[in-house]
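The opening position of the sequence shown corresponds to residue 0 in numbering that gives the first Met the number 0, with each subsequent residue numbered one higher. Glycine included, every Cβ here is placed at the ideal spot set by N, Cα and C. As the structure is a computational prediction, the values presented were derived from the model and not from experiment.
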Amino acid sequence: MEGILKIADDLYFVRHPVRPGWFCGITVVAGSEKLGLIDTGYENTPEEYLFPFLKELGRDVKEISVIYNTHGDGDHIEGNDVIKKAANATIVCHEQEADVIPSADETVTDGDSITLGDRVFTVVHCPGHRQGNTCLFDKSSSLLVTGDTIVGTRSELIRVGKEPYIASLKKIAALSPAAVLMSHPFDPAGKNFLKGKEIDEMIQASIKVAESIS
Ligand SMILES: [Zn+2]
Numbered sequence: 000m001e002g003i004l005k006i007a008d009d010l011y012f013v014r015h016p017v018r019p020g021w022f023c024g025i026t027v028v029a030g031s032e033k034l035g036l037i038d039t040g041y042e043n044t045p046e047e048y049l050f051p052f053l054k055e056l057g058r059d060v061k062e063i064s065v066i067y068n069t070h071g072d073g074d075h076i077e078g079n080d081v082i083k084k085a086a087n088a089t090i091v092c093h094e095q096e097a098d099v100i101p102s103a104d105e106t107v108t109d110g111d112s113i114t115l116g117d118r119v120f121t122v123v124h125c126p127g128h129r130q131g132n133t134c135l136f137d138k139s140s141s142l143l144v145t146g147d148t149i150v151g152t153r154s155e156l157i158r159v160g161k162e163p164y165i166a167s168l169k170k171i172a173a174l175s176p177a178a179v180l181m182s183h184p185f186d187p188a189g190k191n192f193l194k195g196k197e198i199d200e201m202i203q204a205s206i207k208v209a210e211s212i213s
């Protein structure tokens, strides 16, 4: 299916094109019995992109049990209600984002574990883009799902301050992930799935951009 990035047999990123060169999306963790999602895109993302993909995968929307929101920006949470209504899923976010995610059922904090599909992720609190911004780290596959933790050249998205942002980037670099999945194709990477040395290049470039902010 067009617009689907397959990362592993049980892991997909469903793209929602927003404008030329830019997309948001939903990460699908397709476990043997349950589906987990990371972020939900805009209000129309589930109906237009996610549900058709699940159908093609041969999975039922009702198998979605948990939705994790990396942070509370609109292009990551506006699909929450549609999916919750269709699947009766539990919505989880960091405790410092709960005020902007009214649909959240449960909150987590740094170091907590969350199971999505058959994978167990660790919550990594990374303030910078937002105060309650988080990554999810799947240690067993060394995959880090970053949402908008790394914003590359988009310095206007470093809303909390450059010090916490740079500290967060150093925190995720120290995890030495083998693969990084971002929510958007941030520059200079220009794509949202990074492997090997592309990861450190993107993190170091993003730190440089932040350091240049007065
Ligand atoms: Zn954001």
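Under 8 Å between C-beta atoms of residue i and residue j
| i | j | result |
| --- | --- | --- |
| residue 121 | residue 105 | no |
| residue 25 | residue 49 | yes |
| residue 41 | residue 27 | no |
| residue 168 | residue 149 | yes |
| residue 116 | residue 30 | yes |
| residue 94 | residue 131 | yes |
| residue 205 | residue 151 | yes |
| residue 119 | residue 134 | no |
| residue 238 | residue 188 | This structure cannot speak to residue 238, because the chain is shown only from 0 to 213. |
| residue 239 | residue 34 | Any question about residue 239 goes unanswered here, given that the chain covers just 0 to 213. |
| residue 214 | residue 46 | Shown here, the chain extends from 0 to 213; a query on residue 214 therefore has no answer. |
| residue 38 | residue 75 | yes |
| residue 127 | residue 163 | yes |
| residue 192 | residue 4 | yes |
In DSSP terms, what residue i is bridged to
| i | result |
| --- | --- |
| residue 50 | In the DSSP output, where bridge partners are listed per residue, residue 50 has none listed. |
| residue 18 | 21 |
| residue 168 | Paired residue(s): none; residue 168 is not in a bridge. |
| residue 178 | 142, 194 |
| residue 202 | None, per the DSSP bridge assignment. |
| residue 40 | DSSP lists no partner for residue 40. |
| residue 28 | 10, 35 |
| residue 4 | 12 |
| residue 63 | 34 |
Exposure of residue i, with buried meaning 16 or more beta-carbon neighbours within 10 Å
| i | result |
| --- | --- |
| residue 69 | buried |
| residue 2 | exposed |
| residue 7 | exposed |
| residue 212 | exposed |
| residue 14 | buried |
| residue 177 | exposed |
| residue 173 | exposed |
| residue 44 | buried |
| residue 96 | buried |
| residue 79 | buried |
| residue 110 | exposed |
| residue 108 | exposed |
| residue 18 | exposed |
| residue 146 | buried |
| residue 103 | buried |
Beta-carbon separation (whole angstroms), residue i vs residue j, contact threshold 8 Å
| i | j | result |
| --- | --- | --- |
| residue 180 | residue 142 | 7 Å |
| residue 124 | residue 23 | About 22 Å separates the two Cβ atoms, so there is no contact after all. |
| residue 86 | residue 113 | Incorrect: roughly 17 Å between the Cβ atoms, too far for contact. |
| residue 158 | residue 129 | 6 Å |
- Length at least 3, wholly inside the stretch 71-146: the beta strand (DSSP E) runs in chain order: Look at the stretch 71-146 and you find these whole runs of beta strand (DSSP E), each 3 residues long or longer: 89-93, 105-107, 112-115, 118-124, 133-137, 142-146.
- Message: Considering only heavy atoms of ligand 2 and the C-beta of each residue, which residues fall inside 7 Å, strictly closer?
- Response: As far as ligands go, the structure on display features ligand 1 and does not contain ligand 2.
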